[in-house]
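Have a look at the structure below, then the notes.
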Amino acid sequence: MRVLLTSFPAVAHVLALRPVATALVARGHEVALLSAPSAAPLLPPGVRHVVAGPDLDELLALPRPEGERPDGLPIDVGHFFGGLRATVALDAARAALGSWRADLVVAEGLDGLGPVFAAEWDVPLEIVSLGPVCMADVDADIRSTVLAAGLPVAPPRRRLDPWPEALRPPGWAAPGPLTPVRAELALLDAGSVPVALPAGGGPVVLVTLGTLFLDGPTLAGVVDAVTAAGVRAVVALPPMLDTLEVAHPDRVALRPFGPLGPVLDHVDGVVCHAGAATVLAAAIHGRPLVVVPQGADHHVNAAGVEAAGAGLRVSAVDGPDAIAGATTVVVGNGDHRERAAAVAATIAATPGWDDVAAGLQG
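824 is the number that the working numbering gives to position 171 of the sequence shown; each next residue is one higher, with no gaps.
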């Protein structure tokens, strides 16, 4: 069977498709992923990269309405992921695919292009959710924007959802029936980088602000707040940084961009931006969180973490004392650890991607 995966050109979006891509390749299917050039290093072995469309920085440079919805999401979420993504990349995607046709399309939850190809080819569409951001009104906004551009949109056969029910925010509305699937870490090649912990004793946390809403001083400010509280920090640097100036370097170990799994085995908690991939990674390992939302879907994800009791939310404007205080509470509070461990147990009991791949034959 030929399978086309489609993804918006951002790291977490591409990585969301790695587990299903790996499972499909293992079952002998021909798998291709349609996305921008930046997706190349994120693809698993055996997946062909169909390069088409602008990268994220080019999309962000295009004119867009400004502002946020009440839940913190960009006000133009439907236009950005739906109409803009589909219309700007469509011609290039058709040219790159040529005469190749898939028997099945699997799109990540915010990609507006996959449903178009599924409709044009009259083949089944499966959606892989990215978390709470794939809510009913966002999904409807994306689909209506693509339809308004005069393009066909296939309805999904299933919505595969690796996001644990316990981490959904209060009042969250699903876009349709969901098929639970076990959340898995995207197993990128870790290379030869060992897990180095800062010297000394006491608690240690992983600090990351992801790859999008980030600059060095912002990340350093969060690290300094954590270490000022006497907590050691392993800092996951984003791809654009190779070092970081911090106030307490003796309490900090810097780690280049790569998989978080090896680090999560050695830390007591995670201080992060509440990006979906990072929250899921912490949840898989049962690590409590301090979440400091920066934008995009972070506020929605943070609300779910807080409601589950798996961590604490701190506003980015609350300052370093609030981050330090929340970190001290989370690493020292057994309740947060127990709630995080309970979420991890529910994830482990959910059917895996191989089970999903076995049932994808269209």
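Even for Gly, the Cβ is constructed at its ideal location relative to N, Cα and C. Here the structure is a predicted model, which is why all the values come from computation and not from measurement.
The beta-carbon distance between L942 and G922, rounded to whole angstroms, is 7 Å. This is short enough to meet the 8 Å contact definition. Under the Cβ criterion (8 Å, minimum of three pairs), the segment 943-962 counts as touching the segment 858-877. Distance from S660 to D764 at the Cβ level is roughly 6 Å; contact confirmed, criterion being Cβ atoms closer than 8 Å. Per DSSP, reduced to three states, the secondary structure at S782 is coil, with no helix or strand assignment. Taking 8 Å as the cut-off, the beta carbon of A801 is found no closer than this to the beta carbon of I780. Here A889 is near V916, since their CB atoms are less than 8 Å apart.
In this structure, the straight-line span from the alpha carbon of V875 to that of A927 is close to 14 Å.
CA-CA distance, L859 to W753, rounds to 43 Å. Contact check for P828 against D792 passes: the beta carbons are separated by less than 8 Å. By the CB criterion at 8 Å, V857 and V924 fall outside the cutoff.
P785 places its beta carbon 8 Å or farther from that of P830. One alpha carbon belongs to E721, the other to P727, and they sit about 4 Å apart. Taking the C-beta atoms as reference points, R810 is found no nearer than 8 Å to G735. With respect to L687, L658 sits close: the two C-beta atoms are nearer than 8 Å. W825 is not a Cβ neighbour of S782, given a cutoff of 8 Å. A889 has R908 as its beta-bridge partners, per DSSP. Rounded to whole angstroms, the Cβ separation of E837 and P697 is 12 Å, and the two are not in contact under 8 Å. Between the C-alpha atoms of A705 and V664 there is a straight-line separation of about 16 Å. DSSP places E683 within a strand segment (E or B) once states are collapsed to three. DSSP, read as helix, strand or coil, puts E711 in helix. Excluding the 5 residues flanking it on each side, A960 has same chain C-beta neighbours closer than 7 Å at P822, P823, in chain order.
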